[in-house]
Structures are given as structure tokens and as C-alpha cells.
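**Student:** Okay, here's the structure, questions in a sec.
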Ligand SMILES: Nc1ncnc2c1ncn2[C@@H]1O[C@H](COP(=O)(O)OP(=O)(O)OP(=O)(O)O)[C@@H](O)[C@H]1O
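Now the structure itself:
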């Protein structure tokens, strides 16, 4: 088992944020965590990322309790893309991506530099390499952050040869925020390709369509608890979505692909008067 999360509970201040969360994940899976704002998705990812060591319960990476792994060893196994990364220093894009390699020692070797160039190319930000990171648009920043975690994870400047089974894990917290549709697809294809090389990918997503197309498994969180987990078809049902998000949806068959389409009507009745688009629905 690559990752085993057993009865994780976490308090922040006096509030219980996670309550007995339980799941296992294998190498090569692309697990998607979904749930409403405040459900505990980022917090769960942070626990696995080693940011909240005061959890109760057990987190094991390859059968070793997280808290017993030295930070450097954790960083060699696991790359993390967090939400809201603030950099105030005027680092160039290339330097930010190069930071992904620092976990292996200071100073970049020629092979580190090749991996950095490769990651810039994969995320299509090569043309921005000399730009100050702080001057990028939101979606461009996010693409650079994806390139950084890719640079941390890869052992060679190639996505298609190495076998990372049981050796690498990638945690992505809302990786596509602010990205256009092309780069959302590119990012999820990258995640799926890494999974096919044996990387365990755990991603928080809000987009049902991306989850439906790419997830090998969905974990649904609600109020800090694991509401349900299973395949895309098992999780993306009108009932689960209503229970977790409070929204009525229809789940349709995709005309060309073997994953479902989740469609909403314009939300009527969330405010006192119906939303304009819902008024004329017959
Ligand atoms: N440091 C903290 N101290 C106190 N409460 C916190 C802290 N961090 C998060 N919380 C609370 O924990 C709950 C879960 O937060 P979390 O960020 O994990 O939610 P999320 O599911 O990722 O939501 P979103 O979809 O909005 O990103 C929220 O109610 C949040 O306000």
C-alpha cells in the first residue's frame, strides 16, 4: 500500500476539522478528493503533506508512519502543490521551477537543469522562463507551480520511461485554479500520465467533468468526515452530489466517452427570487 490513512482526526484551535477520515491508495492511482468549501479537503492533503503532525490516527507512506520519516526523506517521495502560494521575492520562473530540485541538495547539476527545462516545456511556460514570477497572470503562475512539482518528482527529463511505482506521490490542491480549458486538460493529462508511470496522485478538484474524465477513484468529504468513496460512476450520482453540495444535478451518459456528464440547471430558489435564467424554464 502506497498510502494508508487510518482514522485521522485533527483539531485546529478548539474545532475538529477532520473526524476519523479513512482511506487507502495504491501506486498508479489518480484519487480525486471532492467536497464543498470547508469540507476539509485541503486540511486532509496538508496532513498527508506533513504540515499538521499533531493529528490522531495513523498516516503511513509505504507502511511507514509519516511522523517517523525525516522531512528530507518525505520530500524525496512526495511533491506538493498547495493552494495560494505566495512568493514576494522577484524570482524568475526558471528559479521557481528550479526550487523543485532543491530537495535533493543545493545547487543545480546539469541533469537537474535538464529536468527543469523539460518541466517548463511540458507545462508550456518555457517562453516565460526569464520573467519575474510575481508579474505572471494567475493561470500562468499555476502552470509554473505545476512545472515546479513536476521538476521535483521526475528523475529524468522524460515522462514516459521511468517506473516510479511505490516510490513517488504527488499531492495537488486545486491544481487547475485559474487555468484556461486547454491547460486544465493538459494538467490532468499530465497527472494521469504520471499515474500511468506508477506515481500515486491525490488531487483536490472542484470540477466534476475533470474528475469524471480522469479520476480512477473519488473520495467525497463532508463536514470533515469521509462521506463516501468509490468509482466515478458510484460517486457522481444526483444523490451524493445533493448531499455533499446541496445542488440538484442530472447525470447523463456522455455521447462519445465512457464517463458521465454532470449537468446543473440554473439554480432557482437559492435566493428569494429565482435566478433570471430559471424564470422562463417551462
Ligand atoms: N488554521 C486553521 N484554524 C482554524 N480553522 C481552520 C484552519 N484551517 C482551516 N480551518 C477550517 O477547517 C475547515 C476545513 O478547511 P479546508 O481548507 O480543509 O476546506 P476545503 O474543503 O479545502 O475547502 P475549499 O473548497 O474552500 O478549499 C474550514 O471550516 C476552515 O475554515
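In full-length UniProt numbering, the protein residues as written are 1 to 282. Cβ coordinates follow ideal geometry from the N, Cα and C atoms, glycine included. Values in this document were obtained by computation on a predicted structure and should not be read as measured data.
Given 8 Å as the limit, tell me if residue 43 has its C-beta closer than that to any heavy atom belonging to ligand 1.
**Tutor:** yes
**Student:** Using the rule of at least 16 other Cβ atoms within 10 Å of the residue's Cβ for burial, across every protein chain shown, is residue 182 buried or exposed?
**Tutor:** exposed
**Student:** Can you check whether the CB of residue 160 is closer than 9 Å to the CB of residue 134?
**Tutor:** no
**Student:** Can you give me the Cβ contacts of residue 75 inside the same chain, cut-off strictly under 8 Å, excluding the 5 residues immediately before and after it?
**Tutor:** 103, 152
**Student:** For residue 114 and residue 266, what's the separation of their Cα atoms in angstroms?
**Tutor:** Residue 114 and residue 266 have their C-alpha atoms spaced approximately 48 Å apart.
**Student:** Can you give the Cα-Cα distance for residue 259 and residue 208, rounded to whole angstroms?
**Tutor:** 11 Å
**Student:** Look up residue 165 in the DSSP assignment and give the residues it is bridged to.
**Tutor:** DSSP lists no partner for residue 165.
**Student:** Tell me whether residue 324 is buried or exposed, calling it buried when 16 or more other Cβ atoms sit within 10 Å of its Cβ.
**Tutor:** The requested residue 324 is not part of the displayed model; the chain covers only 1 to 282.
**Student:** Would you say the segment 43-55 touches the segment 171-178, given that touching needs at least three Cβ pairs under 8 Å?
**Tutor:** yes
**Student:** Residue 20 and residue 226 - do their beta-carbons sit closer together than 9 Å?
**Tutor:** For residue 226 and residue 20, yes; Cβs fall inside 9 Å.
**Student:** Nearer than 8 Å: is that true of the beta carbon of residue 37 relative to any heavy atom of ligand 1?
**Tutor:** yes
**Student:** Per DSSP, residue 91 is paired with what?
**Tutor:** Bridge partners of residue 91: none, in fact.
**Student:** Under 8 Å from any heavy atom of ligand 1, does the C-beta of residue 15 make it?
**Tutor:** yes
**Student:** Taking residue 56 as part of the beta strand (DSSP E), name the residues at either end of that continuous run.
**Tutor:** 56-61
**Student:** Is residue 253 near ligand 1, in the sense that its beta carbon is under 8 Å from a heavy atom of that ligand?
**Tutor:** The answer is no for residue 253.
**Student:** By how many angstroms is the C-alpha of residue 110 removed from the C-alpha of residue 283?
**Tutor:** Limits of the chain in this structure are 1 at one end and 282 at the other, which puts residue 283 out of reach.
**Student:** Checking contacts by CB at 9 Å: is residue 71 closer than that to chain C?
**Tutor:** Among the chains in the structure shown there is no chain C, since it carries only a single protein chain.
**Student:** Tell me the rounded alpha-carbon separation between residue 284 and residue 92.
**Tutor:** Outside the shown range of the chain (1 to 282) lies residue 284, about which nothing can therefore be said.
**Student:** Is it buried or exposed for residue 81, if we count other Cβ within 10 angstroms and need 16 for buried?
**Tutor:** buried
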